[in-house]
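What follows is one structure encoded as C-alpha cells, with my remarks underneath.
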Amino acid sequence: MATTKHILVALVEDKPGVLNRVSSLFRRRNFNIESIAVGHTEQPDVSRMTIIVEGDDAKVEQVRKQLDKVIDVVKIVDITNDEPVARELSLVKVKATASTRSEIIQIVDIFRANIVDVSSDSLIVEVTGDEDKVGSLLELLRGFGIREIVRTGRIALTRGGVGPLQIEEPKEAKVPKPPPKVTPSEAESPPDW
Amino acid sequence: MKKTGAQILCESLIREGVEVMFGFPGGAVLPLYDTFPQYPKIKHILVRHEQAAAHAADGYARATGKAGVCLATSGPGATNLVTGIANAYLDSSPMVAITGQVARPFIGKDAFQEIDITGITLPITKHNYLVLDAGDIATVVKEAFYIAQTGRPGPVLIDIPKDVFQQEATFSYPEKVNLPGYKLTLFGHPAQIKRAAEVINAAERPIIIAGRGVIISKAFAELKEMAERAQIPVITTLLGIGCFPETHVLSFGWLGMHGMAYANKAVHHSDVIIAIGMRFDDRATGVVSHFAPQARVVHIDIDPAEIGKNVRVDVPIVGDVKNVLGVLNQQIVPREHLDWFNRVDKWREEHPALVIRESEALLPQYVIRQIYEATKGDAIVVTGVGQNQMWAAQFFFYDKPNSFISSGGLGTMGFELPGAMGAKVGRPDETVWCIAGDGGFQMTIQELATIVQENIAVKIAIINNGFLGMVRQWQQLFYERRYVHTPLSGPDFTKIAEAYGIPALRVTDKKFVVSAIEKAMGHEGPFLIDFVVEPEENVFPIVPPGAALVEALEMPSPEKVTRSSK
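Chains A and B, in that order, give the protein sequences.
Using this note's numbering, you'd call the opening residue of the first sequence number 1 and step up by one each time.
Using this note's numbering, you'd call the opening residue of the second sequence number 1 and step up by one each time.
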C-alpha cells in the first residue's frame with residue numbers, strides 16, 4: 001500500500017508525562033514521527049498535539065487506534081483527508097553582508113515572510129506557511145549561507161464550524177439500551193465463578 | 001476526617017472489595033505495612049520474590065475475574081514485578097500493582113532504591129500513576145480498579161512515594177470516575193451485527209474461533225447458544241480453553257502451533273470465521289498470508305485496536321462479547337451444516353491428535369491424562385510454559401468454564417507455581433493442579449515456602465524430563481539435534497519439597513502414576529509429585545515456524561498409535 005503523510009490531531013489531558021505516553025507508543029509500534037507540535041487549546045486542562053507521520057493507511061489507522069487507548073488521550077482523529085488548513089513556522093538565521101542584505105529582504109518580501117532580527121552579519125527571517133512554501137524559501141536563502149534553522153512542525157485545523165475534534169458537552173443520559181434478553185434457561189448457564 | 005496516605009489507600013482498597021493482596025515489604029512501603037494491622041479485612045500474603053506477587057495476583061484475577069492486587073517496595077521490589085505485570089498485560093488480566101517510591105524530595109536524585117517504575121511499566125500497563133499528594137490516592141485507586149477491570153482488562157500500576165503514605169489528607173471515596181479519555185464500546189453496532197448475521201446465515205463451512213474474551217465476558221451460555229443454533233464447530237485459542245466444553249460434540253479442540261491438526265484444517269478450509277474475543281496471535285494463525293484463505297472473517301472484540309491488526313476482517317463488531325452474542329444469536333437462523341460437520345469430524349478421525357502412543361515408558365501425556373481421570377476434569381489447571389503447557393492443554397479435557405490458566409502472550413516460565421497459588425486463593429474450594437516443567441519450576445521454586453506458610457493446598461505435578469523440553473524439541477527438529485544448553489541436571493525435587501515441609505513423591509514408573517495422584521488428592525494440604533518422564537518426548541502436532549497452519553508436522557509413525565481411552 002502507498003505510504004503518505006498523515007496528519008493526526010490528538011486532544012490530550014494536560015498532565016505530566018502525556019507527551020511521553022504518546023511518543024513512546026510510536027517508538028514501540030515501530031513508527032516514525034516526522035514532527036509533533038504541542039500546545040494549549042481553547043479548553044483548560046486540554047492540550048492539542050499535531051503529529052505528522054508517514055505510513056500506509058492501515059498502519060496509521062492501527063497507530064491511531066492504539067493512541068486512542070491511551071487513557072490521557074481524550075480524542076484523536078486523522079484529518080489528512082479533511083483538507084485542513086495546515087501551517088508551520090520557521091525561523092532562519094541567514095548570513096547577511098551589506099551587499100546581500102537588500103537582496104535577502106526582497107526575497108523575504110516576496111514570500112510575505114518577516115525579518116525579525118538584524119545584526120551586523122546576519123538576519124533572522126520568520127516564515128509561516130505550508131511545508132512547500134517554507135521549503136522553497138529555505139532553498140532560496142541557502143545560497144546566502146544559513147547559520148541556523150528551527151521549524152515548529154505542522155499544526156492544522158479543519159475548515160468549517162464544528163470540527164471532528166470538538167469535545168461534546170458531557171451528557172448524562174448517554175447510557176446505551178441493554179440488549180433484549182436472549183439467554184437460554186438459567187439451568188443451562190454455567191456456574192458463576 | 002483526616003487520615004494518612006497509607007490509611008487512605010487501605011480504606012480505598014476495602015471499598016474496591018479487595019480481600020487479599022500478594023506482597024513483599026521494604027523501606028518505601030514501611031509506612032503502609034505499619035498500617036495493615038488496623039485493616040485486618042485485607043489479607044496480605046507474603047511471597048518470597050516480588051515476581052511471584054505479580055503472578056499470584058494474575059492467577060487470582062484469572063480465576064475470579066476480579067482485579068488481583070500485588071504490592072512491592074521501590075527500586076528492586078518494583079522492577080521484580082515487571083515480568084508479572086507484562087504477563088498480565090499480554091493476557092488481558094485485571095491487576096492493580098502498588099509500588100512504594102522514594103520520598104518526594106528524593107525523586108529524580110537517583111536516591112537509594114529509586115527507579116522510574118512508571119516509566120519502565122509505561123508500555124506494559126493499561127495505565128499507571130505516580131501519586132504526589134495523599135489527597136489524590138482515593139481518586140487514583142478508584143480509577144485504577146475501574147480501568148483494570150472494565151473494557152479489555154489489564155494491569156494498572158500505582159506508584160506512591162514514602163512520604164505520601166505518611167502525609168495526612170481528608171478521605172472521601174469518590175462515587176464516580178471522571179475519565180474523558182477512557183471510552184468503552186460495550187454494545188455492538190446493530191448494523192454491523194445485522195451484517196454479521198447475514199454472513200453467518202449464508203455460510204456453508206463456518207467455524208467459531210473463541211478466545212479468552214469469552215471467559216472474561218463470561219459469555220459461556222451465549223457461545224454455546226450460537227454454536228448449537230447453527231451447528232457451528234467451535235475451535236478455541238490456547239487461552240480460550242475453558243470457554244466451551246471440550247467434550248461437547250461441536251468442540252473441535254484448539255488451533256495454532258500445537259493445536260489439533262483437524263482444528264487447523266477446519267480453520268484453513270472454512271468459508272466463514274466467527275472470531276470471538278481473540279486477537280489472531282501469530283502462534284494461533286501460523287504465517288498470516290496463508291491463514292484461512294477462503295474465509296470471510298467476522299471479528300467480535302471489545303478492543304477496537306485488535307480489529308484488522310493482524311488479519312483482514314470483513315465484518316468487525318466492537319463490543320462486549322456477551323452483549324454482542326446476545327443480540328447476534330437472535331438473528332442466526334437455526335440450521336445444520338451436516339456436510340461440513342462430517343468433513344471436519346472425518347479430519348478428527350484421520351488426524352487423532354489426542355492419542356498417547358503405546359509405550360512402557362512413563363509418558364508425559366499419560367500423566368496429564370491420569371490427572372484428568374482422577375479429577376474427572378473437576379479442577380483448575382495452572383501450567384508453566386513449554387511442553388508441559390502444551391500437554392496440559394492437549395490431554396486434559398476442559399469442560400468447566402474458566403478451568404485452564406496459562407501464560408499465553410508473554411510465555412512466562414515460572415508462572416505456574418505462583419499462578420496456581422493465586423488461583424487457589426481465589427477459588428479455595430476447588431482443586432488446583434499446578435503442571436510444571438522441571439525448568440520453569442526452578443524459576444519460582446521459592447514460593448513453596450509461601451504455600452507452606454499460608455497452607456495453600458495446590459497439587460504440583462512436575463513433568464520432569466531433564467531438559468528445557470520445548471527448546472530441546474526445537475533443537476531436535478530445526479537445529480539438527482544440537483542440544484545446546486538445554487540438558488538440566490535438576491535437584492531432587494522431593495527432598496526440596498520435604499525441606500519446605502511439603503510431602504512429595506517421585507514417580508518413575510507408569511504403574512505408580514494413578515496411586516501417586518490419588519495420594520496427592522487425598523492429602524489435605526499442598527503435595528508435590530516429581531514425574532520423571534521420557535526425556536525426549538515431543539509435542540505434536542507442531543506447525544514449523546514460518547509455515548501455514550495446515551503444514552503441521554504430526555507425530556511420526558502413526559501406525560503405532562492407538563486411540564486412547566477418551
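All C-beta atoms in this analysis are idealised placements derived from N, C-alpha and C, irrespective of residue type, glycine included.
Predicted model only: the values in this text are computed from it and were never measured.
For residue i, three-class secondary structure by DSSP
i: HIS49(B); result: coil
i: ARG472(B); result: helix
i: TYR372(B); result: helix
i: HIS44(B); result: strand
i: PHE527(B); result: strand
i: SER24(A); result: helix
i: GLN294(B); result: coil
i: HIS55(B); result: helix
i: GLY422(B); result: helix
i: MET390(B); result: helix
i: ASP281(B); result: coil
i: THR139(B); result: helix
i: LEU147(A); result: Residue identity check: residue 147(A) is Arg in the sequence provided, not Leu. The answer is strand: DSSP assigns ARG147(A) an E or B state.
i: ARG506(B); result: strand
Nearest residue (CA-CA) to residue i, options the options
i: PRO418(B); options: VAL381(B), VAL539(B), ILE273(B), SER74(B); result: VAL381(B)
i: PHE493(B); options: LYS510(B), ILE124(B), VAL532(B), VAL288(B); result: VAL532(B)
i: ASP509(B); options: ASP530(B), GLU498(B), GLY490(B), GLU518(B); result: ASP530(B)
i: ALA96(A); options: SER119(A), VAL38(A), GLU54(A), ILE149(A); result: SER119(A)
i: PRO174(B); options: ARG205(B), PRO153(B), LEU132(B), VAL141(B); result: VAL141(B)
i: ARG276(B); options: ALA261(B), PRO316(B), PRO245(B); result: Per the sequence shown, the amino acid found at residue 276(B) is Ile instead of Arg. Closest by alpha carbon: PRO316(B).
i: MET390(B); options: LEU13(B), MET413(B), ALA374(B), LYS376(B); result: MET413(B)
i: PRO190(B); options: GLY326(B), LEU528(B), PHE396(B); result: GLY326(B)
i: GLU168(B); options: ASN465(B), THR4(B), PRO31(B); result: THR4(B)
i: ASN455(B); options: GLN473(B), GLY546(B), VAL484(B), ILE502(B); result: ILE502(B)
i: GLY386(B); options: TRP340(B), GLY108(B), GLN473(B), LEU184(B); result: GLN473(B)
i: PHE171(B); options: ASN329(B), ILE193(B), THR139(B); result: THR139(B)
i: GLU534(B); options: SER406(B), ILE356(B), HIS351(B), ALA202(B); result: ILE356(B)
i: HIS351(B); options: ASN264(B), ALA203(B), LEU239(B); result: ASN264(B)
i: ALA134(B); options: ILE160(B), LYS126(B), ILE460(B), ALA111(B); result: ILE160(B)
i: GLU554(B); options: ILE496(B), LEU477(B), VAL214(B); result: LEU477(B)
i: ALA203(B); options: GLU518(B), LEU338(B), GLY437(B); result: LEU338(B)
i: ASN128(B); options: VAL94(A), LYS15(A), SER136(A); result: LYS15(A)
i: VAL77(A); options: GLN62(A), SER23(A), SER90(A); result: GLN62(A)
Chain A within 8 angstroms of residue i, Cβ atoms only
i: LEU122(B); result: yes
i: LEU179(B); result: yes
i: GLY68(B); result: no
i: LYS424(B); result: no
i: ILE147(B); result: yes
i: SER565(B); result: Because SER565(B) sits at a pLDDT of 36, beneath the cut-off of 50, its placement in the model cannot be relied upon, and the following sentence gives the value as read from the coordinates. Output row for SER565(B): interface = no.
i: ALA379(B); result: no
i: GLY466(B); result: no
i: HIS299(B); result: no
Integer Cβ distance of residue i from residue j, believed to fall under 8 angstroms
i: VAL288(B); j: VAL311(B); result: 6 angstroms
i: PHE415(B); j: HIS49(B); result: Not quite, the Cβ-Cβ distance comes to about 13 angstroms (not below 8 angstroms), so this is no contact.
i: LEU549(B); j: PHE220(B); result: Actually they are not in contact, since the Cβ atoms of LEU549(B) and PHE220(B) sit about 26 angstroms apart, beyond 8 angstroms.
i: GLY68(B); j: MET95(B); result: 5 angstroms
i: ILE7(A); j: PRO84(A); result: 6 angstroms
i: PRO245(B); j: ALA266(B); result: Not confirmed; about 18 angstroms, so no contact.
i: VAL70(A); j: VAL22(A); result: 7 angstroms
Residue-chain proximity (residue i, chain B), Cβ-Cβ < 8 angstroms
i: LYS59(A); result: no
i: ARG28(A); result: yes
i: VAL175(A); result: Low local confidence applies: a pLDDT of 49 at VAL175(A) is under 50, so the model's placement there is unreliable, with the coordinate-based value given in what follows. No, VAL175(A) lies away from the interface with chain B (no Cβ there is under 8 angstroms from its Cβ).
i: GLU198(A); result: Nothing about residue 198(A) can be reported from this structure: the residues present for chain A run from 1 to 193 only.
i: ASP72(A); result: yes
i: SER120(A); result: no
i: GLN66(A); result: yes
i: SER47(A); result: no
i: GLN43(A); result: no
i: SER24(A); result: yes
i: GLN62(A); result: yes
DSSP beta-bridge partners of residue i
i: PHE22(B); result: ILE45(B), CYS70(B)
i: LYS400(B); result: Paired residues: none, contrary to the question.
i: ILE158(B); result: ILE98(B), TYR129(B)
i: ILE117(B); result: Answer is none; ILE117(B) lacks a bridge partner.
i: LEU8(A); result: ILE51(A), ASP78(A)
i: CYS243(B); result: DSSP, once it has assigned bridges, lists no residue as partnering CYS243(B).
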